[in-house]
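Below is one structure, written out as structure tokens, with a few remarks after it.
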Amino acid sequence: MSHEWKIKSVLIFVVAAVMAMASIQFYGHRRYMIPIVSGPGVTKVVKLSEYYEGLKGTMADTNVFYLEGKEEGGKMLIMAHTHSNEPAAMLTALIFLENAIIDKGTLIIIPQFNNSGGRNTKPGDGYPLYFEIKTDWGSKKFRMGNRNASPLDQWPDPDVYIHYPDRQLLSYLDVRNTNRTWPGRPNGPLMEKVTYGAMEIMRKEKVDIALDIHGAETMFPVTNCIVAPEKSIRIATMTSLTVKAREGFDNHVEPSPSGFRGLSHREIGDYSDTLPFLLEAPLPFLDQPTGPKTVDLLLNGKDPFLLSLSKKGKLFVPYDETGWPMEKRVGQHCSVVLELMRQFSRKFPKRAIKVSNVPRYAEVVKNGVGHYLQNPEEADKDDVYYN
Ligand SMILES: [Zn+2]
46 MSHEWKIKSV LIFVVAAVMA MASIQFYGHR RYMIPIVSGP GVTKVVKLSE YYEGLKGTMA
106 DTNVFYLEGK EEGGKMLIMA HTHSNEPAAM LTALIFLENA IIDKGTLIII PQFNNSGGRN
166 TKPGDGYPLY FEIKTDWGSK KFRMGNRNAS PLDQWPDPDV YIHYPDRQLL SYLDVRNTNR
226 TWPGRPNGPL MEKVTYGAME IMRKEKVDIA LDIHGAETMF PVTNCIVAPE KSIRIATMTS
286 LTVKAREGFD NHVEPSPSGF RGLSHREIGD YSDTLPFLLE APLPFLDQPT GPKTVDLLLN
346 GKDPFLLSLS KKGKLFVPYD ETGWPMEKRV GQHCSVVLEL MRQFSRKFPK RAIKVSNVPR
406 YAEVVKNGVG HYLQNPEEAD KDDVYYN
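Residue 432 is where the sequence shown ends in this note's numbering, and the numbering goes up by one at each step.
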């Protein structure tokens, strides 16, 4: 063998070894299941495919948890992990799922809405594959997902995504983004089937109010806010004013633009009787000018580049050396969800929804997120759901 061929062989072997190692890691990540303990309020668990059977057997199918009170009332749908790289949303959904007691009405919770996105990653940005939350009984490991569904589940992408039914031209990537594929259709791409399934829940179950929980860059103006269309804006405004006065944190209201299609806060309201709201908490991890995308940055939101940009007035949220820790983001989401529920119930007393045993902002900041997560090892096996 010539000298040149020896070097080539070694290089081919090294590249193949790196590819094999990465494949094993990505395969393990895609198959890793997160245990969820159904708490005292959960009365039934179904699959999204019960509402649209075209999802059955696909990676896009996901668990839908029902928490039904003894007393009839209104219905609220909570969706998290529309973007699976915004994990405060899922942790908020889990706090409700694992703790809430329903005194009146019904909560329907989909903690991993874009289940395919939750099994995708962003290697080009150096995303961590997992992160852990410290709890009172050890730590709980979660998959870190991506904004878009995995191309393994929906492929190929078009050159341009033509939104259905408005025919607005969107980025090709948005065909895998479940916050651009609303209201969806049964015979569209897989992610349109996911949003169609959720629309079917809202129409069939007569859901009064739907919340889509997210996180957004600190350099993006639509952050730390409630996005609401005209029909929801009064309840959003009362919620924003109340959490500011009573709990001391800012969460302004952004009107949902009517000319930008495919978004949950726009299409849900236009295609059903449900009142939609989209919740954003600041997420420094998503900002572009940061250091490496580490688990620490994801959990504590501390970054020296953002700190210097904040001093130059470039951020849309207050930012100091304390960053934006997970407990602050999840705490805000918990309080905003509870306050939206209270404001809706005041306006529509016959459709009231009353929930107890869910912490508010100050409690989550004080005790940490993990304090409210149940230990799947100690729970009854029938109460643990994997997703
Ligand atoms: Zn998002």
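Ideal Cβ positions, reconstructed from N, Cα and C, are used throughout, including at glycine. If you're wondering where the values come from, they're calculated on a predicted model, not measured in any experiment.
For ligand 1, any of its heavy atoms closer than 7 Å to the Cβ of residue 48? Working through the sequence shown from its first residue, we reach residue 48 at position 3. Flag unset: Cβ of residue 48 not near ligand 1.
Practice task
Determine the direct distance from the alpha carbon of residue 389 to that of residue 163, and round the result to whole angstroms.
Solution key: Translated into the one-based positions of the sequence shown, residue 163 becomes position 118. Translated into the one-based positions of the sequence shown, residue 389 becomes position 344. If I take the Cα positions, the gap works out to 31 Å.
Can residue 307 be considered in contact with ligand 1, in the sense that its beta carbon sits closer than 7 Å to one or more heavy atoms? Taking the first residue of the sequence shown as 1, we reach residue 307 at position 262. No, ligand 1 has no heavy atom inside 7 Å of this Cβ.
Item to check | As assigned by DSSP and simplified to three states, the class of residue 331 | outcome: As a position in the sequence shown, residue 331 is number 286, starting the count at 1. The answer is helix: DSSP assigns residue 331 an H, G or I state.
(request) Give me the Cα-Cα distance between residue 379 and residue 414, rounded to the nearest whole angstrom. (result) Position 334 of the sequence shown holds residue 379. Position 369 of the sequence shown holds residue 414. Answer to the nearest angstrom: the Cα atoms are 11 Å apart.
message = Looking at ligand 1, does it come within less than 7 Å of residue 223, judged from the CB to the closest heavy atom?
response = Taking the sequence shown and counting its residues from 1, one reaches residue 223 at position 178. No.
- request: Taking 8 Å as the cut-off, decide whether the C-beta atoms of residue 288 and residue 381 are in contact.
  value: As a position in the sequence shown, residue 288 is number 243, starting the count at 1. As a position in the sequence shown, residue 381 is number 336, starting the count at 1. A contact, by the Cβ cut-off of 8 Å.
Next on the checklist: Strictly by DSSP, which residues pair up with residue 297?
Outcome noted: Locating residue 297 in the sequence shown gives position 252, counting from the first residue. Answer by DSSP bridge pairing, in chain order: 270.
Practice task
Can you grab the Cα-Cα spacing for the pair residue 65 / residue 279, in whole Å?
Solution key: Your numbering for residue 65 matches position 20 in the sequence shown. Your numbering for residue 279 matches position 234 in the sequence shown. Distance between the alpha carbons of residue 65 and residue 279: 54 Å.
Practice prompt. Please specify which runs of the beta strand (DSSP E), each continuous and at least 3 residues long, are wholly inside the region 345-407, giving them in chain order.
Written response: 399-401
> In the structure shown, what three-state DSSP assignment does residue 426 receive?
Replying inline: Start at 1 with the first residue of the sequence shown, and residue 426 comes out as number 381. Residue 426 falls in the helix class under three-state DSSP.
Check: Looking at residue 188 and residue 77, is the spacing between their C-beta atoms short of 8 Å?
Finding: As a first step, residue 77 must be located in the sequence shown, where it is residue number 32. As a first step, residue 188 must be located in the sequence shown, where it is residue number 143. In this structure, residue 188 lies closer than 8 Å to residue 77 by Cβ.
Closest to residue 396 by CA distance: which of 251, 368, 286 is it?
As a first step, residue 396 is located in the sequence shown; it is residue number 351 there, counting from the start. The shortest Cα separation from residue 396 among 251, 368, 286 belongs to 251.
- Provide the residue span of the beta strand (DSSP E) that contains residue 187, from first to last. Indexing the sequence shown from 1 puts residue 187 at position 142. Looking at the DSSP string, the run of the beta strand (DSSP E) that includes residue 187 is 183-188.
When you compare the CB positions of residue 210 and residue 146, do they come within less than 8 Å of one another, or not? Here residue 210 is taken as the residue at index 165 of the sequence shown, counted from 1. Here residue 146 is taken as the residue at index 101 of the sequence shown, counted from 1. In this structure, residue 146 does not lie closer than 8 Å to residue 210 by Cβ.
Next on the checklist: Let me check you understand the geometry: is the CB of residue 131 closer than 7 Å to at least one non-hydrogen atom of ligand 1?
Outcome noted: On the sequence shown, residue 131 is found 86 positions in, with the first residue counted as 1. Yes, Cβ of residue 131 sits closer than 7 Å to a heavy atom of ligand 1.
| said: Does residue 139 come out as helix, strand or coil in the three-state DSSP assignment? | reply: Position 94 of the sequence shown, counting from 1, holds the residue named residue 139. Residue state, collapsed to three classes: helix.
Would DSSP call residue 310 helix, strand or coil? The residue given as residue 310 occupies position 265 in the sequence shown. Helix at residue 310.
Next on the checklist: Measuring straight from C-alpha to C-alpha, what distance separates residue 138 and residue 98?
Outcome noted: Looking up residue 138 in the sequence shown gives position 93. Looking up residue 98 in the sequence shown gives position 53. Answer to the nearest angstrom: the Cα atoms are 24 Å apart.
*Can we count residue 263 as close to ligand 1, meaning its CB is less than 7 Å from some heavy atom?*
On the sequence shown, residue 263 is found 218 positions in, with the first residue counted as 1. The answer is no for residue 263.
Margin query: Taking 7 Å as the limit between beta carbons, can you name the residues of its chain near residue 410, skipping five residues before and five after?
Written below: In the sequence shown, the residue the question calls residue 410 occupies position 365. Taken in chain order, the residues that qualify are 372, 373, 376.
**Prompt:** Counting Cβ pairs closer than 8 Å, one from the region 60-75 and one from the region 120-139, do we hit at least three?
**Reply:** no
_Candidates 58, 192, 181: closest to residue 167 by CA position_ = In the sequence shown, residue 167 corresponds to position 122, counting from 1. Answer by Cα proximity: 192.
Rounded to the nearest angstrom, how far is the Cβ of residue 322 from that of residue 281, given a contact under 8 Å?
-> Taking the first residue of the sequence shown as position 1, residue 322 is located at position 277. Taking the first residue of the sequence shown as position 1, residue 281 is located at position 236. That pair is a contact at about 6 Å.
- Residue nearest to residue 242 in terms of C-alpha spacing, selected from 159, 216, 220: Here residue 242 is taken as the residue at index 197 of the sequence shown, counted from 1. Selected option, being the one with the closest Cα: 159.
Three or more beta-carbon pairs under 8 Å between the region 306-315 and the region 225-241, yes or no?
-> yes
Using only the alpha-carbon positions, how far apart do residue 367 and residue 285 sit? For this step, residue 367 is matched to residue 322 along the sequence shown. For this step, residue 285 is matched to residue 240 along the sequence shown. Roughly 23 Å between the two C-alpha positions.
- Cα-Cα separation between residue 161 and residue 50, rounded to whole angstroms: Taking the first residue of the sequence shown as 1, we reach residue 161 at position 116. Taking the first residue of the sequence shown as 1, we reach residue 50 at position 5. The alpha-carbon atoms of residue 161 and residue 50 are separated by roughly 42 Å.
What does DSSP give as the partner residues of residue 259 in its beta bridges?
The residue labelled residue 259 in the question sits at position 214 within the sequence shown. Answer is 325, bridged to residue 259.
Extent of the continuous beta strand (DSSP E) to which residue 121 belongs: Working through the sequence shown from its first residue, we reach residue 121 at position 76. Note, residue 121: beta strand (DSSP E), 116-124.
Check: From 202, 61, 186, pick the residue whose C-alpha is nearest to that of residue 340; which is it?
Finding: Taking the sequence shown and counting its residues from 1, one reaches residue 340 at position 295. Nearest C-alpha to residue 340: 186.
- Task: May I ask which residues mark the beginning and end of the alpha helix (DSSP H) holding residue 53?
- Result: For the purposes of this step, residue 53 is taken as the residue at position 8 of the sequence shown. Start and end: 48-76.
For ligand 1, is there any heavy atom lying closer than 7 Å to the beta carbon of residue 127?
For the purposes of this step, residue 127 is identified with residue 82 of the sequence shown, where counting begins at 1. Yes.
- prompt: With C-beta atoms as the reference, is residue 404 less than 8 Å away from residue 140?
  reply: By 1-based counting over the sequence shown, the position of residue 404 is 359. By 1-based counting over the sequence shown, the position of residue 140 is 95. Yes, they are a contact pair.
What does the Cβ neighbour count give for residue 117, buried or exposed, with the cut at 16 atoms within 10 Å? Residue numbering aside, residue 117 sits at position 72 when the sequence shown is read from its first letter. It is exposed - the Cβ of residue 117 has fewer than 16 other Cβ atoms within 10 Å.
Q. Say the cut is 7 Å; is the CB of residue 259 nearer than that to a heavy atom of ligand 1?
A. On the sequence shown, residue 259 is found 214 positions in, with the first residue counted as 1. Yes, the beta carbon of residue 259 sits closer than 7 Å to at least one heavy atom of ligand 1.
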